[in-house]
Each structure stands twice: as structure tokens, then as C-alpha cells.
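So the structure is just underneath, and the comments pick up after that.
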Amino acid sequence: MENLNILNNEQKIQYNPRVEDIMTKCDKVVSIKPTDTLKHCLEVMLLEGHKRLPVIEQKGDKMKLLGVVTDKDIRVYSKSYFEHNLKDILDSLESYKVSDILPDATFFKKAHVGEKITQASKEMLHLHISGLPVVDEDEQLKGIITRSDLLDQLIRILEPFDQLSKKEKTD
Numbered sequence: 000m001e002n003l004n005i006l007n008n009e010q011k012i013q014y015n016p017r018v019e020d021i022m023t024k025c026d027k028v029v030s031i032k033p034t035d036t037l038k039h040c041l042e043v044m045l046l047e048g049h050k051r052l053p054v055i056e057q058k059g060d061k062m063k064l065l066g067v068v069t070d071k072d073i074r075v076y077s078k079s080y081f082e083h084n085l086k087d088i089l090d091s092l093e094s095y096k097v098s099d100i101l102p103d104a105t106f107f108k109k110a111h112v113g114e115k116i117t118q119a120s121k122e123m124l125h126l127h128i129s130g131l132p133v134v135d136e137d138e139q140l141k142g143i144i145t146r147s148d149l150l151d152q153l154i155r156i157l158e159p160f161d162q163l164s165k166k167e168k169t170d
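Residue numbers (numbering that gives the first Met the number 0): 0 to 170.
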């Protein structure tokens, strides 16, 4: 802990920024609406390569986060692929709306814009999840913080040390 005293305030902020500083911003976040079908939700997940999607209610430029739907949530409502063909499975998912299966707001975790990335990282590690939606004080979706965002930050932190190490080897 004493070693932290060798860092100035700017370096401390650089090494442990707020979630909003490294998150994927809202304009790049793929989301769904509560009125979408589970079939549509699954199609979006497959096309975009995501395992979880934020569910939002949009009014103008405001996006209220209602919850998160995961691929696991969809599997619970899907017919077994051992017993049914793909068409039957997709047809069954067409009969459910996202709002029908949306977990209660107390069952999903989120990060807040001013939170430090260490807190979000610990939460993700503890829950074994790959990302968290990020909200402001009004529960408006502002972005998503993912493992990729955290790894990018780790690379930014470690890269100067890597370059220094390479330089020392050549000297």
C-alpha cells in the first residue's frame, strides 16, 4: 500500500479511472425493448455476438435501464433442441415478449458512472459475468463496461512498463 504514495493524483486516476472513462458508450451499445420477442432477442445476440443485452425504455434521448436479458434466460423459455427442430424452437420464442421474462430489477447488477473500475471489476469477477450496464443517478443507461474494456485499460497501464523493460534489455 505504501507504494501508492509514489504515484501522484493524476497517475492514480489514470491507473484506476471511473467506469465512465473506459466503458463502451451508449451510442455503441446494442439493446432491446421490453416489447421485443425472445426470438428477436436471440437473433440480436447471435448477430452481435453478445450473451447479455440491456433492456431499455426509450423516451426521446433518454434510455431508462429496465433490466438485462441473458442467453441463459432465453434458454429457460426455449424448447429443448434435443426434442424439437430449430423452427419449433424459434416459433416458441416468438410467443414470449422480453417483458414476460425480464427479471426483477433487484436481480441484475449495474455499475454507476462515477464508480471506480476496481469496484466494477470485483463485481464482475464475483458474479462470473463479462459485463455490466452503466447507469447515471437517474438509472439512465450510459454504456456498458466489459471485460474487453478492462483488458484495454490493463494494457494501457502495463504497456509503458513493457517498453521500459525492453529498453533496459537493449541498454
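Backbone N, C-alpha and C fix where the C-beta goes; we use that ideal spot for every residue, glycine too.
These numbers were taken from a predicted model, which means no experiment stands behind them.
- Counting only the Cα atoms, Lys168 lies some 30 Å from Ser147.
- Per DSSP, the unbroken alpha helix (DSSP H) holding Arg74 starts and ends at 70-76.
- Excluding its 5 nearest sequence neighbours in each direction, Val97 has C-beta neighbours in its own chain below 8 Å: Ile31, Lys32, Pro33, Thr34, Asp35, Thr36, Leu37, Cys40, Val54, Val68, listed in chain order.
- In the DSSP assignment, the residues bridged to Glu56 are Lys63.
- The alpha-carbon of His111 is positioned some 9 Å away from that of Lys141.
- Remark: C-beta atoms of Pro132 and Leu45 do not approach each other more closely than 8 Å.
- When the Cα atoms are used, Met22 and Tyr95 turn out to be separated by approximately 31 Å.
- Gly66 counts as buried, since at least 16 other C-beta atoms from the protein chains shown sit within 10 angstroms of its C-beta.
- For Lys38, the secondary structure class from DSSP, reduced to helix, strand or coil, is helix.
- Per DSSP, reduced to three states, the secondary structure at Leu131 is strand.
- Separation of Leu85 and Pro102 (C-alpha to C-alpha, rounded to the nearest whole angstrom) is 26 Å.
- By the neighbour-count criterion, in which 16 or more other beta carbons inside 10 Å mark a residue as buried, Val18 falls on the buried side.
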